[in-house]
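Contents: one structure, followed by commentary.
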Amino acid sequence: MRLLTHNMLSSNIKGVANGFPLRIEVEKVVEKEVEINHDFLRNIFPKIDWKALSDASRIMGYHELPEEPPEPSVLEADIEFLRKFHHALLELHLEEGALLCPESGRKFPVNKGIPNMLLLEDEV
Amino acid sequence: MKLKQLESLLGDLQQFSNPKVELEQYPTGPHIASRLLYTAENSFDDISNKVVADFGCGCGTLGAAAALLGAEQVIGIDIDSQSLEIASMNAKDLELDIDFVQCDISSLGWRGQIVDTVVMNPPFGTRKKGVDMDFLFVALKVASRAVYSLHKTSTRDLRFGVPQLYKFHKKKEVDIAVDLWRFVPRRSGERTINLRSAV
Numbered sequence: 001m002r003l004l005t006h007n008m009l010s011s012n013i014k015g016v017a018n019g020f021p022l023r024i025e026v027e028k029v030v031e032k033e034v035e036i037n038h039d040f041l042r043n044i045f046p047k048i049d050w051k052a053l054s055d056a057s058r059i060m061g062y063h064e065l066p067e068e069p070p071e072p073s074v075l076e077a078d079i080e081f082l083r084k085f086h087h088a089l090l091e092l093h094l095e096e097g098a099l100l101c102p103e104s105g106r107k108f109p110v111n112k113g114i115p116n117m118l119l120l121e122d123e124v
Numbered sequence: 001m002k003l004k005q006l007e008s009l010l011g012d013l014q015q016f017s018n019p020k021v022e023l024e025q026y027p028t029g030p031h032i033a034s035r036l037l038y039t040a041e042n043s044f045d046d047i048s049n050k051v052v053a054d055f056g057c058g059c060g061t062l063g064a065a066a067a068l069l070g071a072e073q074v075i076g077i078d079i080d081s082q083s084l085e086i087a088s089m090n091a092k093d094l095e096l097d098i099d100f101v102q103c104d105i106s107s108l109g110w111r112g113q114i115v116d117t118v119v120m121n122p123p124f125g126t127r128k129k130g131v132d133m134d135f136l137f138v139a140l141k142v143a144s145r146a147v148y149s150l151h152k153t154s155t156r157d158l159r160f161g162v163p164q165l166y167k168f169h170k171k172k173e174v175d176i177a178v179d180l181w182r183f184v185p186r187r188s189g190e191r192t193i194n195l196r197s198a199v
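This is the structure:
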């Protein structure tokens, strides 16, 4: 699971008011190189929850993203920043571990890169 | 990529070995899958460089087609772990980087409008009434550009209030007539178009 997917997933358990962002427990991270697409990164930047991405990337062992969201102008000029953003968003994969609901602590296991977000009957 | 080439690559994908009737698992054939994605890409620019989600992805045919046509990120979501295993192998065989999530679409927790386009071949809703509409409801919340969805032609009048004007059958061995619909979330102000002539 890429951190782009993590930036969208939320815990939808009955009674939980804010299930985003899911906390990450890491057992294994893999990196898969993909070609960088500057226009894609510029388009998606305003839709990303920056804190969720930068926190998640640190937990995954990548410490290059600033904690505070950068000014959008950085996206135009700073190729090095785009590379880091690209790496965190699309190249880091949570292969084994878990996602935890930030409110209830309910654990959603991640095996072979696939998070299991299925809810039990009494959680729906 | 040419349509023929796309269809042929999809034809090599592994399909359900043991379809589960209660989930209405039927494979999305390479013929219709390639045409659905080809139309989305070439007529509407909804695939390449986009974030695409495949709802109820099953063995991952539609998602794989989206990735082959240049989607930047593809997310396949299905309730069934065996389907996801096959889908994941299919993606690996084609050297495609696709994210998979195991989840019931009707209880999907989702933030924001990062997904541009949802492609799906939802359950027809003949086993579990209305499940096709549940899929559509969630898809329209998640997608910012468009939702492409296959629906049984016989439910057209019932579901969408459109008289059944056209009937067509895919291939001889598949005797279910389906419509391909393109839905656009209301906020962008466009109309919904039925693409029956396109498939």
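Chains as they are written, first to last, in UniProt numbering: chain A, 1 to 124; chain B, 1 to 199.
From the three backbone atoms N, C-alpha and C, an ideal C-beta is built for every residue, glycine too.
In chain A, which residues lie with their C-beta within 9 Å of the C-beta of residue i?
i: B/Val101; result: Met1, Thr5, Leu9, Ile114, Pro115, Asn116, Met117
i: residue 266 of chain B; result: The requested residue 266 of chain B is not part of the displayed model; chain B covers only 1 to 199.
i: B/Ile79; result: Leu118
Would you please state the rounded distance, in angstroms, between the beta carbons of residue i and residue j? I believe it to be under 8 Å.
i: B/Gln15; j: B/Cys59; result: 5 Å
i: B/Val115; j: B/Val142; result: 5 Å
i: B/Gly70; j: B/Asp54; result: Wrong, their Cβ atoms sit about 15 Å apart, outside the cutoff.
i: A/Leu100; j: A/Leu22; result: 6 Å
i: A/Leu4; j: A/Leu90; result: 6 Å
i: residue 127 of chain A; j: A/Val124; result: Since the first residue shown for chain A is 1 and the last is 124, residue 127 of chain A is missing from the structure and cannot be characterised.
i: A/Ala56; j: A/His87; result: Between A/His87 and A/Ala56 the Cβ distance is about 13 Å, and since that is not below 8 Å, they are no contact.
i: B/Asp97; j: A/Val16; result: About 31 Å; that fails the 8 Å criterion.
i: B/Asp99; j: A/Arg2; result: 6 Å
i: B/Gln102; j: B/Ile86; result: The pair is not a contact, with the Cβ atoms about 13 Å apart (cut-off 8 Å).
i: B/Thr117; j: B/Ala40; result: 7 Å
i: A/Leu65; j: A/Leu53; result: 7 Å
i: A/Leu10; j: B/Arg111; result: Checking the displayed sequence, the identity of residue 10 of chain A turns out to be Ser instead of Leu. Between B/Arg111 and A/Ser10 the Cβ distance is about 5 Å, and since that is below 8 Å, they are a contact.
i: A/Ile114; j: B/Leu84; result: 6 Å
i: A/Ile24; j: A/Met60; result: 7 Å
When the Cα atoms are used, what is the spatial distance from residue i to residue j?
i: A/Glu68; j: B/Lys4; result: 47 Å
i: B/Ala64; j: B/Gln113; result: 22 Å
i: B/Asp179; j: A/Glu121; result: 33 Å
i: A/Leu118; j: B/Val119; result: 21 Å
i: A/Ala98; j: A/Phe108; result: 5 Å
i: B/Pro30; j: B/Asp132; result: 21 Å
i: B/Val199; j: A/Phe85; result: Summary for B/Val199: the model assigns pLDDT 40, below 50, so the residue's position carries little reliability; its value from the coordinates is reported in the next sentence. Near 39 Å, if we compare the C-alpha coordinates of A/Phe85 and B/Val199.
i: A/Ile48; j: B/Thr61; result: 28 Å
i: B/Glu22; j: A/His38; result: 44 Å
i: B/Thr155; j: A/Tyr62; result: 50 Å
i: B/Ala177; j: A/Asp78; result: 52 Å
i: B/Gly125; j: A/Met8; result: 27 Å
i: A/Arg83; j: B/Glu24; result: 43 Å
i: B/Phe168; j: B/Ser107; result: With a pLDDT of 48 at B/Phe168, under the threshold of 50, the modelled position of this residue cannot be trusted, and the question is left open.
i: B/Arg145; j: B/Asp46; result: 7 Å
i: B/Met34; j: A/Glu103; result: A small correction: the amino acid at residue 34 of chain B is Ser; Met does not occupy that position in the sequence shown. In a straight line, the C-alpha of B/Ser34 is about 42 Å away from that of A/Glu103.
i: B/Ala139; j: B/Val147; result: 7 Å
i: B/Pro19; j: A/Arg106; result: 31 Å
i: B/Val74; j: B/Ala67; result: 6 Å
i: A/Lys28; j: A/Pro70; result: 29 Å
i: B/Lys170; j: B/Ile32; result: Per-residue confidence for B/Lys170 stands at a pLDDT of 44, beneath the threshold of 50, marking its modelled position as unreliable; no derived number is given.
i: B/Asn42; j: B/Asn90; result: 24 Å
i: B/Lys172; j: A/Glu95; result: With a pLDDT of only 42 at B/Lys172, under the threshold of 50, the placement of this residue in the model should not be trusted, and no figure is reported.
i: B/Glu72; j: A/Ile44; result: 11 Å
i: A/Gly19; j: A/Lys51; result: 15 Å
i: A/Arg58; j: A/Ser73; result: 24 Å
i: B/Phe44; j: B/Asp134; result: 25 Å
i: B/Gln82; j: A/Lys112; result: 13 Å
i: B/Met1; j: B/Leu10; result: 13 Å
i: B/Lys129; j: B/Pro123; result: 10 Å
i: B/Tyr38; j: A/Glu31; result: 30 Å
i: B/Lys105; j: B/Leu136; result: Here residue 105 of chain B turns out to be Ile, not Lys, going by the sequence shown. Those two C-alpha atoms are separated by around 10 Å.
i: A/Phe81; j: B/Val52; result: 25 Å
Can you name the residues of chain A whose CB is closer than 7 Å to the CB of residue i?
i: B/Ser107; result: Asn12, Leu119, Val124
i: B/Glu72; result: Asn37, Phe40
i: B/Asp97; result: Lys32, Val34
i: B/Ile75; result: Thr5
For residue i, go through chain B and note every residue whose CB falls closer than 9 Å to its CB, in chain order.
i: A/Asp49; result: Arg111, Gly112
i: A/Asp39; result: Asn49
Residue i versus chain B: which residues are under 8 Å apart at the beta carbon?
i: A/Phe85; result: What A/Phe85 touches in chain B: nothing, since even the nearest Cβ is about 13 Å away.
Please compile the residues from chain A whose C-beta is within a distance smaller than 8 Å of the C-beta of residue i.
i: B/Leu84; result: Ile114
i: B/Asp134; result: The premise fails here: B/Asp134 is roughly 13 Å from chain A at the closest Cβ pair, so nothing lies under 8 Å.
i: B/Asp54; result: By Cβ distance, chain A contributes nothing, its closest Cβ being about 13 Å from B/Asp54, past 8 Å.
> Can you list the alpha helix (DSSP H) stretches of 4 or more residues lying completely in the region 31 to 74 of chain B, in chain order?
Replying inline: 61 to 68
> For the region 16 to 31 of chain A, which residues have a beta carbon sitting closer than 7 Å to at least one beta carbon of chain B?
Replying inline: When CB distances to chain B are screened at a threshold of 7 Å, the residues of the region 16 to 31 of chain A falling below it are Gly19, Phe20, in chain order.
> What are the residues of the region 31 to 51 of chain B that lie near chain A, defined by any Cβ-Cβ distance shorter than 9 Å?
Replying inline: Asn49, Lys50, Val51
> Going along the chain, which residues of the region 6 to 24 of chain B sit with their C-beta nearer than 8 Å to a C-beta in chain A?
Replying inline: From the region 6 to 24 of chain B, no residue has a Cβ closer than 8 Å to chain A.
> Using Cβ-Cβ distances below 9 Å, what residues of the region 53 to 80 of chain A are close to chain B?
Replying inline: Taking 9 Å as the Cβ-Cβ cut-off, the region 53 to 80 of chain A has no residue approaching chain B.
> Hey, which unbroken runs of the beta strand (DSSP E) at 3 residues or more fall wholly within the region 54 to 108 of chain A?
Replying inline: 92 to 100
>> I'd like the ranges of any beta strand (DSSP E) spanning at least 3 consecutive residues and lying wholly in the region 7 to 51 of chain A.
In response: For the region 7 to 51 of chain A, the full-length beta strand (DSSP E) segments reaching 3 residues or more read 23 to 31 along the chain.
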